[in-house]
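Report on the following structure.
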Amino acid sequence: MTQIIDGKQISAEIKDELKEQVAVYRAQGKEICLAVIQVGDDPASSVYVRNKKKACEYIGIRSLSYELPSQTTEQELLSLVEELNARADVNGILVQLPLPGQINEEKVLNAISPLKDVDGFHPMNVGALCIGKKGFVSCTPAGVIQLLKRSGISVSGKECVVVGRSNIVGKPMALLLLRENGTVTVAHSRTEDLKAVTRRADILVVAVGKPLMITADYVKEGAVVVDVGIHRDDNNKLCGDVDYGSVAPHCSAITPVPGGVGPMTIAMLMKNCVDSVLLQER
278 MTQIIDGKQI
288 SAEIKDELKE
298 QVAVYRAQGK
308 EICLAVIQVG
318 DDPASSVYVR
328 NKKKACEYIG
338 IRSLSYELPS
348 QTTEQELLSL
358 VEELNARADV
368 NGILVQLPLP
378 GQINEEKVLN
388 AISPLKDVDG
398 FHPMNVGALC
408 IGKKGFVSCT
418 PAGVIQLLKR
428 SGISVSGKEC
438 VVVGRSNIVG
448 KPMALLLLRE
458 NGTVTVAHSR
468 TEDLKAVTRR
478 ADILVVAVGK
488 PLMITADYVK
498 EGAVVVDVGI
508 HRDDNNKLCG
518 DVDYGSVAPH
528 CSAITPVPGG
538 VGPMTIAMLM
548 KNCVDSVLLQ
558 ER
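Counting in my numbering, the sequence shown runs from 278 upward without gaps.
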């Protein structure tokens, strides 16, 4: 019987734990504040920002919202980031991606103070992850680790394959699995005989950005499959990088889309916001 890993339920548990933690901080006179910057009015970005603000409200984190016009210059955005870096009452800064073409995303993300970089994208936080030091970890990979742990799935000693090598998911995912003592392979678009590689995996994490790419013939019998992708299919229904219908019967456990990894990303963002208090006190 395949275990369906319920990201909605697990993320709700994490948010409830964080809510209790925030209540303790508030009783000590500490308020946690997240500043969210959105440039332009991309509909998908607006939905993500709304969901993040809703999560903040539930947990008890104050959120500041900066909605800037799409013609905002890079310098204007950098000035706002610098202003928020300097504010003692702001614990976390999040710049919603993608940004308009006239703005260099890397430059903006690098301008955020590493101590307020709750997305975990700053080179200093990425470097801390590489050498096993404390810092903010990219939210989606951190969410995947929590899904596995809270579902009773051990990574230690397992053959782990990550399909995808992006800076946001693939690379940090591989490092986190390594930290959990997995034996890790990173596969990507140039991998020869991808099926042979993925079929070795006890734990297969797919973040390739291609709808329904991973079918049953990519998966070892009894593997754990984590689907990070999210797309709309030809019928406008949400789907992932994994062909759930064909793959699920062959797995010991699998994450659905929607309701798997997605809710965990916001839960881990909230965790980073709460953790920011301790990081900044150091």
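Heads up, the beta-carbon is just placed ideally off N, CA and C, and yes, glycines get one too. Since the structure is predicted, the reported quantities are computational estimates derived from the model, not experimental observations.
Check                                                                                                : Outcome
Cβ-based neighbour list, residue 480, same chain, cut-off 6 Å, excluding 5 preceding and 5 following : 435, 437, 501
Option nearest residue 290 by Cα separation, candidates 551, 386, 541, 532                           : 541
Closest by C-alpha distance to residue 301, when choosing among 556, 551, 364, 433                   : 551
Proximity to residue 312 [Cα-Cα], best of 544, 418, 344                                              : 344
Whole-Å CB distance - residue 491 paired with residue 524, under 8 Å assumed                         : 7 Å
Neighbour-count burial assignment, residue 399, 16 or more Cβ in a 10 Å radius                       : buried
Residue 315 versus 348, 308, 307, 297, residue with shortest Cα-Cα distance                          : 348
Residue 288 to residue 427 span [Cα, whole Å]                                                        : 10 Å
Of the listed residues 407, 295, 393, 319, nearest to residue 358 (C-alpha basis)                    : 393
Any beta strand (DSSP E) of 3 or more consecutive residues that is wholly inside the segment 444-498 : 460-464, 480-483
Length-filtered (4 minimum) alpha helix (DSSP H) runs lying within the segment 304-353               : 320-336
Residue 389 and residue 408 closer than 8 Å at C-beta                                                : no
Neighbour-count burial assignment, residue 324, 16 or more Cβ in a 10 Å radius                       : exposed
Buried or exposed by the 16-neighbour rule on C-beta atoms within 10 Å, applied to residue 278       : exposed
Residue nearest to residue 439 in terms of C-alpha spacing, selected from 459, 433, 410              : 459
Whole-Å CB distance - residue 483 paired with residue 518, under 8 Å assumed                         : 4 Å
Local Cβ density within 10 Å of residue 549, reported as buried at 16 or more and exposed below that : buried
Residues near residue 401 in its chain [Cβ-Cβ closer than 6 Å; skip 5 each side]                     : 391
7 Å Cβ shell around residue 336 - same chain, five flanking residues per side excluded               : 292, 295, 296, 299, 547
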